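Numbering (our numbering), first residue to last: -18 to 251.
By construction, the Cβ of each residue, glycine as well, lies at the ideal position given by its N, Cα and C atoms.
Treat the numbers as computed from the prediction; the structure is a model and nothing was measured.
A quick write-up on the structure given underneath.
Encoded structure:
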């Protein structure tokens, strides 16, 4: 099996994101290896050995995606036996032409770009944790968004992703079996904040699978219970005109992006 390497003299997040985005277009299996903080030529030569070993083991040239600022380190990696993709080279020269300013590579500069949002994101994560699963209804007035849905429909991971990546304060509230007897209207805790609500739903088959992994052979995980809860909750969304999304086929990144697009929420920077 062919291997894809993601290499950087920083965290390698950029090369991973670009590389994964490109490879997602191709329906094939790959081994993925991420190697961050390749900051010296000595380390770079060790990485070359790993790339060569991969080629020898599989008989297929590895794909090598890299974003390396250090010129000497970059030159070493460019000699690999793999098929090399230097993302910085692809974009820097065209940008220099458009902006009329020469680039001045500086390692870890991207970290300083995000420092102004660090405290905001940490505060948002703390908020999401403190307001998870309907545990703290007193802070809903501070929420940017309140995710609602049945248990195991993706509320908690989406809340945390919105907080960590975008600095958005996301609370979440679960509709439980006890709520099902009175789903003609919103629970009292949510009525005041109707304009902040966003619903998540999921295919009953997938919900049954997820719940069965947690509590097998229980009423909670039964297909009948899953179908009933989802039917009641989706009817509530429509009746109350609450925007909602079926999360079944989407990753948490995609769910979050779709929520932002529909609600108009923006990444917090200040």
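Quiz prompt | Among 38, 50, 10 and 36, the one whose alpha carbon lies nearest that of residue 300 | solution = Beyond the ends of the chain as shown, which are -18 and 251, falls residue 300; an answer cannot be given.
Practice problem: Would you kindly work out how many angstroms separate the C-alpha atoms of residue 22 and residue -12, rounded to a whole number? | Solution: 13 Å
Quiz item: What three-state label does DSSP hand residue 224 in the structure shown?
Solution: In the structure shown, residue 224 sits in coil (DSSP, three-state: anything other than H, G, I, E or B).
Self-check item: Sequence-distant residues of its chain with Cβ nearer than 7 Å to residue 252 (five each side left out)
Solution: The structure shown has nothing for residue 252, since the chain only spans -18 to 251.
Self-check item: Endpoints, alpha helix (DSSP H) assigned at residue 27
Solution: Taken as a continuous stretch (DSSP letters only), the alpha helix (DSSP H) holding residue 27 covers 22 to 39.
Self-check item: Coil, strand or helix - residue 189 by DSSP
Solution: It is helical.
Exercise. Rank 18, 132 and 224 by C-alpha distance to the C-alpha of residue 196 and give the top, closest one.
Key: Of the listed residues, the one whose Cα sits closest to residue 196 is 132.
Practice problem: Starting from residue 3, follow the beta strand (DSSP E) in both directions and report where the run begins and ends. | Solution: Note, residue 3: premise wrong, no beta strand (DSSP E); alpha helix (DSSP H) at -6 to 4.
Exercise. Take residue 161 and list the residues in its own chain whose beta-carbon comes closer than 8 Å to its own, dropping the five residues that flank it on each side.
Key: Taking residue 161 as the centre and dropping the five residues before and after it, the same chain places the C-beta of 209, 210 and 213 closer than 8 Å to its C-beta, in chain order.
Quiz item: How about residue 46 and residue 115: are their beta carbons less than 9 Å apart?
Solution: no
Practice problem: Could you tell me which residues DSSP pairs with residue -11 in its beta bridges? | Solution: Beta-bridge pairing links residue -11 to 48.
Exercise. Please check the pair residue 167 and residue 134, which I expect to be a contact at CB under 8 Å, by giving their CB distance rounded to whole angstroms.
Key: With a contact defined as Cβ atoms closer than 8 Å, residue 167 and residue 134 miss out at about 17 Å.
Practice problem: Look at the alpha carbon of residue 249 and the alpha carbon of residue 98, and state the distance between them as a whole number of angstroms. | Solution: Near 7 Å, if we compare the C-alpha coordinates of residue 98 and residue 249.
Self-check item: residue 79 to residue 11 span [Cα, whole Å]
Solution: Rounded to whole angstroms, the gap between the alpha carbons of residue 79 and residue 11 is 36 Å.
Self-check item: According to DSSP, residues forming a beta bridge with residue 155
Solution: The partner list for residue 155 (beta bridge, DSSP) reads 130.
Quiz item: When DSSP labels each residue in this structure, what does residue 68 get in the three-state scheme?
Solution: Looking at residue 68 - three-state DSSP - the assignment turns out to be helix.
Quiz item: So residue 73 packs on residue 25, CB below 8 Å; how close in whole Å?
Solution: Rounded, the Cβ-Cβ distance is 20 Å, inconsistent with contact.
Self-check item: Residues near residue 110 in its chain [Cβ-Cβ closer than 8 Å; skip 5 each side]
Solution: 141, listed in sequence order.
Self-check item: Alpha-carbon spacing of residue 169 relative to residue 139, whole angstroms
Solution: 24 Å
Exercise. Reducing DSSP to helix, strand and coil, say where residue 80 ends up.
Key: helix
Self-check item: First and last residue of the uninterrupted alpha helix (DSSP H) at residue 239
Solution: Run containing residue 239: 233 to 244, per the alpha helix (DSSP H) assignment.
Quiz item: Out of 14, 39, 7 and 205, which has the shortest C-alpha to C-alpha gap to residue -18?
Solution: 39
Self-check item: 6 Å CB neighbourhood of residue 206 in its chain, flanking five on each side removed
Solution: 200
Quiz item: Quick one: what does DSSP say residue 107 is sitting in, helix, strand or coil?
Solution: helix
Exercise. Whole angstroms is fine: what's the gap from residue 228's alpha carbon to residue 52's?
Key: The alpha-carbon atoms of residue 228 and residue 52 are separated by roughly 43 Å.
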